[in-house]
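Undergrad: The structure under discussion is supplied below as structure tokens; questions concerning it will follow.
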Amino acid sequence: MTPRTAAALSGLLRGKNAVNLAPEQVPKLLATRASPVRVEDGVCLRDPPGARYPLDEIPRRDAAVGANRVLFDYARRGMVPEVLDQFSVARRGGVLVDSATLSCVLKACRSMPDRVLGEQLHCLCVKCGHDRGEVSAGTSLVDMYMKCGSVCEGIEVFEGMPKKNVVTWTSLLTGCAHAQMHSEVMALFFRMRAEGIWPNPFTFASVLSAVASQGALDLGQRVHAQSVKFGCRSSVFVCNSLMNMYAKCGLVEDAKSVFNWMETRDMVSWNTLMAGLQLNECELEALQLFHESRATMGKMTQSTYATVIKLCANLKQLALARQLHSCVLKHGFHLTGNVMTALADAYSKCGELADALNIFSMTTGSRNVVSWTAIISGCIQNGDIPLAVVLFSRMREDRVMPNEFTYSAMLKASLSILPPQIHAQVIKTNYQHIPSVGTALLASYSKFGSTEDALSIFKMIEQKDVVAWSAMLSCHAQAGDCEGATYLFNKMAIQGIKPNEFTISSVIDACACPSAGVDQGRQFHAISIKYRYHDAICVSSALVSMYSRKGNIDSAQIVFERQTDRDLVSWNSMISGYAQHGYSMKAIETFRQMEASGIQMDGVTFLAVIMGCTHNGLVVEGQQYFDSMVRDHKINPTMEHYACMVDLYSRAGKLDETMSLIRDMPFPAGAMVWRTLLGACRVHKNVELGKFSADKLLSLEPHDSSTYVLLSNIYAAAGKWKERDEVRKLMDYRKVKKEAGCSWIQIKNKVHSFIAFDKSHPMSDQIYKKLKVIITRLKQDGYSPNTSFVLHDIAEDQKEAMLVAHSERLALAFGLIATPPGTPLQIVKNLRVCGDCHMVMKMVSMIEDREIIMRDCSRFHHFNGGACSCGDFWNLQLHWTAKEMNKLMRKHLQKLNFTAPVVVLIPVEFLRWVIIILLGGASSWVISLNLKECTEGADMMVLIASAAVLQFAVALFIKVFFFA
1 MTPRTAAALS
11 GLLRGKNAVN
21 LAPEQVPKLL
31 ATRASPVRVE
41 DGVCLRDPPG
51 ARYPLDEIPR
61 RDAAVGANRV
71 LFDYARRGMV
81 PEVLDQFSVA
91 RRGGVLVDSA
101 TLSCVLKACR
111 SMPDRVLGEQ
121 LHCLCVKCGH
131 DRGEVSAGTS
141 LVDMYMKCGS
151 VCEGIEVFEG
161 MPKKNVVTWT
171 SLLTGCAHAQ
181 MHSEVMALFF
191 RMRAEGIWPN
201 PFTFASVLSA
211 VASQGALDLG
221 QRVHAQSVKF
231 GCRSSVFVCN
241 SLMNMYAKCG
251 LVEDAKSVFN
261 WMETRDMVSW
271 NTLMAGLQLN
281 ECELEALQLF
291 HESRATMGKM
301 TQSTYATVIK
311 LCANLKQLAL
321 ARQLHSCVLK
331 HGFHLTGNVM
341 TALADAYSKC
351 GELADALNIF
361 SMTTGSRNVV
371 SWTAIISGCI
381 QNGDIPLAVV
391 LFSRMREDRV
401 MPNEFTYSAM
411 LKASLSILPP
421 QIHAQVIKTN
431 YQHIPSVGTA
441 LLASYSKFGS
451 TEDALSIFKM
461 IEQKDVVAWS
471 AMLSCHAQAG
481 DCEGATYLFN
491 KMAIQGIKPN
501 EFTISSVIDA
511 CACPSAGVDQ
521 GRQFHAISIK
531 YRYHDAICVS
541 SALVSMYSRK
551 GNIDSAQIVF
561 ERQTDRDLVS
571 WNSMISGYAQ
581 HGYSMKAIET
591 FRQMEASGIQ
601 MDGVTFLAVI
611 MGCTHNGLVV
621 EGQQYFDSMV
631 RDHKINPTME
641 HYACMVDLYS
651 RAGKLDETMS
661 LIRDMPFPAG
671 AMVWRTLLGA
681 CRVHKNVELG
691 KFSADKLLSL
701 EPHDSSTYVL
711 LSNIYAAAGK
721 WKERDEVRKL
731 MDYRKVKKEA
741 GCSWIQIKNK
751 VHSFIAFDKS
761 HPMSDQIYKK
771 LKVIITRLKQ
781 DGYSPNTSFV
791 LHDIAEDQKE
801 AMLVAHSERL
811 ALAFGLIATP
821 PGTPLQIVKN
831 LRVCGDCHMV
841 MKMVSMIEDR
851 EIIMRDCSRF
861 HHFNGGACSC
871 GDFWNLQLHW
881 TAKEMNKLMR
891 KHLQKLNFTA
901 PVVVLIPVEF
911 LRWVIIILLG
921 GASSWVISLN
931 LKECTEGADM
941 MVLIASAAVL
951 QFAVALFIKV
961 FFFA
């Protein structure tokens with residue numbers, strides 16, 4: 001046979017270049033090979049069936065020349081069913097199977113993938129002796145098992161092979177990388193190098209993929225060095241893998257450097273860099289790269305469109321998303337599932353849920369779990385929870401199985417009935433052990449206060465990552481369980497899990513609860529500095545909130561001032577902290593700084609600043625901020641805002657304005673509003689309005705004990721003991737129990753709690769003895785108990801005895817005993833401190849020279865030097881007069897050997913006007929002298945009148961600009 005004839009036959013059997021043969025040459029050619037067979041007219045020899053036709057007409061065919069070549073041609077064209085059919089025909093015809101044939105069929109099997117068929121072919125390999133003798137057959141077996149997900153079987157075949165080449169190793173490494181066995185990939189790679197096998201570019205691509213999934217930067221840099229050493233640096237897909245690895249390790253600049261080094265780039269290179277920028281929250285830079293390099297990219301692929309549309313979704317670029325939508329339709333990608341899913345996601349994130357639903361409805365034939373999850377997430381993000389539930393049900397009706405992302409998205413919906421139902425589906429589909437689903441489940445349960453259920457879910461998660469630990473810590477923080485959060489954090493450290501900034505912020509939030517120790521928050525502040533997370537916004541904001549809620553407003557201010565970047569939470573935490581501690585002017589000043597910085601305010605911001613105005617009686621300012629919130633910032637007031645405004649008006653005694661505000665509310669007043677008004681009626685002794693508020697409140701919350709207590713106190717203060725007894729009887733009839741007053745103080749990392757008349761403490765004898773000494777000393781300085789706060793119809797001496805045994809006084813006495821002189825004391829009480837105890841705290845802070853910080857259910861009180869940060873505004877029934885406080889302070893200063901004979905306590909507003917008049921008089925006197933010199937001979941009465949007018953103007957100027 002001539003070389004030309006052999007080449008022609010080879011082309012014919014491969015189905016290629018068959019048209020180059022003249023028709024009259026075909027029968028002659030076939031006759032020289034086997035038998036005289038003619039090819040019928042109309043048979044196309046360019047496609048595989050046409051190429052197979054002459055082969056089928058040959059009565060005796062050689063497998064090596066005929067059948068194998070057709071198999072290879074089918075396999076090269078991706079015609080898997082034809083490969084298997086041809087192989088079956090060859091086997092039935094008794095054709096011997098060689099290693100090349102088995103390799104070809106195994107490659108077709110892996111692309112299906114069909115493990116059962118693969119195992120049958122494996123048996124045939126063993127039977128024919130090709131599993132250990134030929135490298136190609138063994139490599140194909142390893143690759144087949146890996147592609148079918150049978151990693152253990154693939155490794156077993158690999159270990160049984162006597163000879164392995166770089167393709168064998170690469171197949172094993174790729175399979176392990178796809179199976180998320182990242183540590184095994186690195187071990188196999190180093191073993192491969194130890195055995196002297198030189199890696200190729202495909203090997204490096206697989207190893208770098210595993211490194212990227214691990215985020216192991218050190219290993220990635222070593223593999224990068226190896227790729228340079230073996231001359232694979234210029235390979236396009238190795239460079240793409242390097243960019244992906246550096247981007248997932250957080251080194252965007254290194255990924256950009258690899259991109260700039262590349263001599264040739266494909267669309268995967270551009271897509272990888274843009275996806276890496278997006279992953280590292282550099283969406284704007286990625287979009288800029290797309291705009292600048294659009295001309296050099298070449299023809300955009302569906303992956304490019306999907307990546308850029310995702311950028312539009314994250315940046316809320318609706319206009320650009322619509323333009324890309326037009327390009328997608330123009331280039332025919334509107335039937336591509338991932339592109340249309342990205343478009344639906346972009347529209348939903350930009351608030352265009354209707355457009356997203358229209359796109360989803362157009363993708364009937366290409367819907368998969370990703371597209372269903374995207375549209376369900378879009379409905380949840382846009383607040384349409386019922387539609388999300390309907391779509392989730394329809395998804396299951398269409399026999400599309402939810403994945404971990406679908407379950408995680410559904411669990412974000414704020415419906416209390418969903419977590420148990422989704423939990424049941426998760427167990428049914430065996431997703432409860434996956435960290436992302438378990439984390440979403442426990443977060444959902446913790447959102448509704450089910451801490452025990454969340455803890456049981458947490459224990460079921462097999463491989464707990466730092467996100468799962470952080471979610472569980474956040475659950476403890478929401479429940480106010482500082483002890484549980486601390487235990488969990490220590491357990492996390494023992495297991496070697498490194499916390500991130502969200503872990504630290506969650507445990508710091510837990511330390512802000514009332515039962516937490518004073519120093520626990522400081523310890524976790526030190527831990528945040530150790531891990532270098534103290535400058536993270538979430539951590540510093542949590543520190544500001546924790547310090548302010550634990551009474552250390554100075555430390556909160558220091559942390560706030562050190563923040564380089566501040567978000568909405570930081571500003572709100574600081575304003576709220578100032579408001580709770582009674583520093584209204586600082587709260588207003590911080591609010592103005594926030595306004596000047598351009599931060600978008602929310603309802604919490606205005607709630608905090610109005611609360612600050614409430615605690616100091618700034619009615620006008622509070623009303624202005626409320627009006628500005630509605631008028632300028634377009635924020636709809638909530639029940640909390642109206643309750644705060646009711647508190648603002650009612651504290652100032654403006655009960656008529658309070659009722660007008662309640663009547664004008666756009667929704668019915670809730671329990672919070674009526675409870676606030678009821679408390680004000682108690683202070684102002686308004687029995688009629690108090691009864692009206694109590695009736696409204698009891699209709700909403702009939703089992704709330706505070707309502708009965710406040711109403712009975714109003715009757716008792718008015719001397720209506722009969723009505724008071726009726727309220728108590730109603731309380732007993734409805735089996736409502738009053739919450740017992742309790743105070744606690746921390747001494748040497750141990751919390752000591754007290755209730756009224758408590759004698760359970762081991763040092764109770766010393767406590768009552770110290771308390772007796774304090775009261776005696778205070779009476780010597782002019783203290784007289786205010787028994788009006790004891791609302792019982794008993795004798796005066798019994799009332800005094802009840803005042804002495806209040807829980808906050810017991811905590812105070814114990815603190816004075818257990819700490820050295822001068823040590824600040826911090827006391828917490830679950831109820832509001834009574835007026836007489838408030839006065840005792842002020843006096844003790846002066847005679848003991850101690851700073852006392854007390855937190856009750858309403859606010860913080862800083863007692864220092866005989867004064868309180870609240871300015872006594874919290875209690876409008878001031879029992880002590882200025883004369884009595886002057887007497888006490890004069891005695892105390894004389895004991896300290898002060899030379900000042902008299903210290904006069906003057907109201908602050910009066911003192912301000914005295915300063916204004918003096919300054920105004922002095923300035924007007926100077927001006928009048930100048931006028932007299934300039935107007936010699938003028939009428940003296942005119943000068944005096946001019947000086948008076950000038951004095952009033954100067955006084956008003958000083959009042960406005962210096963004492964505003």
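Quick note, the sequence shown lines up with residues 1 to 964 if you use the UniProt record's numbering.
Here a beta-carbon is modelled for each residue, glycine too, at the ideal position from N, C-alpha and C.
Fair warning: this is a prediction, and the values are worked out from it, not measured in the lab.
(1) Need the endpoints of the beta strand (DSSP E) that residue 854 sits in, please.
(2) Using alpha carbons as the reference points, say which of 262, 756, 124 and 184 lies closest to residue 152.
(3) By the DSSP assignment, the alpha helix (DSSP H) with residue 328 in it spans what residues?
(4) Near residue 234, which residues of its chain fall below 7 Å by C-beta distance, leaving aside the five closest residues on each side in sequence?
(5) Alpha carbon to alpha carbon, how far is residue 760 from residue 814?
(6) At the level of alpha carbons, what is the spacing between residue 440 and residue 412?
(7) Roughly how many whole angstroms lie between the Cα atoms of residue 458 and residue 468?
(8) Just to confirm, is the Cβ distance from residue 163 to residue 126 under 8 Å?
(9) So does the region 634–649 actually touch the region 613–624, counting three or more Cβ pairs closer than 8 Å?
(10) According to the neighbour-count rule (16 or more other Cβ atoms, all chains shown, within 10 Å of its Cβ), is residue 283 buried or exposed?
(11) DSSP puts residue 868 in a beta bridge; with which residues?
(12) Threshold first: 4 residues or longer. Then list the alpha helix (DSSP H) segments lying entirely within the region 400–474, N to C.
(13) So, are the CB atoms of residue 544 and residue 526 less than 8 Å apart?
(14) In the DSSP assignment, find the unbroken beta strand (DSSP E) run with residue 743 in it and report its ends.
(15) At the level of alpha carbons, what is the spacing between residue 593 and residue 540?
(16) Count the other CB atoms within 10 Å of the CB of residue 967; is the residue buried (16 or more) or exposed (fewer)?
(17) Check the C-beta distance from residue 831 over to residue 856 and give it rounded, since I have them as a contact under 8 Å.
(18) For the ligand ADP, I want to know if residue 609 counts as a neighbour, meaning its beta carbon is within less than 7 Å of at least one of the ligand's heavy atoms.
(19) So the beta strand (DSSP E) residue 754 belongs to, where does it begin and stop?
(20) Can the beta-carbon of residue 965 be found closer than 8 Å to that of residue 859?
(21) Give the straight-line distance between the Cα atoms of residue 807 and residue 762, rounded to the nearest whole angstrom.
(22) Which term fits residue 31, buried or exposed, when burial requires 16 or more other beta carbons within 10 angstroms of its beta carbon?
(23) Report the residue from 497, 149 and 351 whose alpha carbon sits nearest the alpha carbon of residue 465.
(24) Tell me whether the beta-carbon of residue 542 lies closer than 8 Å to the beta-carbon of residue 576.
(25) Between which two residues does the alpha helix (DSSP H) containing residue 539 stretch?
(26) Of the choices 219, 266 and 216, whose alpha-carbon is the least far from that of residue 239?
(27) Among the candidates 204, 194, 195 and 196, whose CA atom is the shortest distance from the CA of residue 171?
(28) For residue 261, count neighbouring Cβ atoms within 10 angstroms of its own Cβ and tell me buried if that reaches 16, exposed if not.
(29) Where in the region 587–666 do unbroken runs of the alpha helix (DSSP H), each at least 4 residues long, occur, reported from the N-terminal end onward?
(30) Pick out whichever of 569, 279, 242 and 611 has its Cα sitting closest to the Cα of residue 587.
(31) Looking at the secondary structure, which residues open and close the alpha helix (DSSP H) in which residue 221 lies?
(32) Kindly give me the distance between the Cβ atoms of residue 615 and residue 653, rounded to whole angstroms, as I take these residues to be in contact under 8 Å.
(33) Measure the alpha-carbon distance for residue 274 versus residue 365 and round it to whole angstroms.
(34) In angstroms with no decimal places, state the Cα-to-Cα distance between residue 150 and residue 178.
(35) Is residue 521 closer than 8 Å to residue 749 when the C-beta atoms are compared?
(36) Taking 8 Å as the threshold (C-beta atoms), are residue 828 and residue 744 in contact?
TA: Here's the rundown:
(1) Note, residue 854: beta strand (DSSP E), 852–855.
(2) The shortest Cα separation from residue 152 among 262, 756, 124 and 184 belongs to 184.
(3) The continuous alpha helix (DSSP H) containing residue 328 extends over residues 318–330.
(4) So the list reads 263, once near-sequence residues are dropped.
(5) The alpha-carbon atoms of residue 760 and residue 814 are separated by roughly 13 Å.
(6) The alpha-carbon atoms of residue 440 and residue 412 are separated by roughly 7 Å.
(7) Cα-Cα distance, rounded: 7 Å.
(8) Cβ distance not < 8 Å, so residue 163 and residue 126 don't count as in contact.
(9) Yes, they touch.
(10) The residue is buried, with at least 16 neighbouring Cβ atoms inside 10 Å.
(11) For residue 868, which the question treats as bridged, DSSP gives the partners 863.
(12) The region 400–474 contains these whole alpha helix (DSSP H) runs: 404–410, 418–428, 435–447 and 451–460.
(13) Not closer than 8 Å, so no.
(14) Looking at the DSSP string, the run of the beta strand (DSSP E) that includes residue 743 is 742–747.
(15) Between residue 593 and residue 540, the C-alpha separation is close to 18 Å.
(16) Residue 967 is absent from the model: the chain starts at 1 and stops at 964.
(17) About 7 Å separates the CB atoms of residue 831 and residue 856; that is less than 8 Å, so the two are in contact.
(18) This structure simply doesn't include the ligand ADP, nor any ligand for that matter.
(19) It spans 750–755 - the beta strand (DSSP E) in which residue 754 sits, taken as one unbroken run.
(20) One cannot answer for residue 965 here, as it falls past the ends of the chain, which runs 1 to 964.
(21) Distance between the alpha carbons of residue 807 and residue 762 is about 16 Å.
(22) Any answer about residue 31 is weak, because its pLDDT of 34 lies below 50 and its placement is not dependable; what the coordinates show is given next. Classification for residue 31: exposed.
(23) Taking only the C-alpha atoms, the option nearest residue 465 is 497.
(24) Taking 8 Å as the Cβ cut-off, residue 542 and residue 576 do not qualify as a contacting pair.
(25) From DSSP, the alpha helix (DSSP H) with residue 539 extends over 537–549.
(26) Distance from the Cα of residue 239 is smallest, within the candidate group 219, 266 and 216, for 266.
(27) Residue 204 holds the alpha-carbon nearest to the alpha-carbon of residue 171 among 204, 194, 195 and 196.
(28) Exposed is the call here.
(29) The region 587–666 contains, as complete alpha helix (DSSP H) runs of 4+ residues, the segments 603–615, 619–631, 639–651 and 655–663 (chain order).
(30) Looking at the Cα atoms, 611 is the closest of the given residues.
(31) Note, residue 221: alpha helix (DSSP H), 217–229.
(32) Residue 615 to residue 653, Cβ: 15 Å. No contact.
(33) Distance between the alpha carbons of residue 274 and residue 365 is about 29 Å.
(34) Those two C-alpha atoms are separated by around 11 Å.
(35) Cβ distance not < 8 Å, so residue 749 and residue 521 don't count as in contact.
(36) With respect to the 8 Å criterion, residue 744 and residue 828 are classified as neighbours on the basis of their beta carbons.
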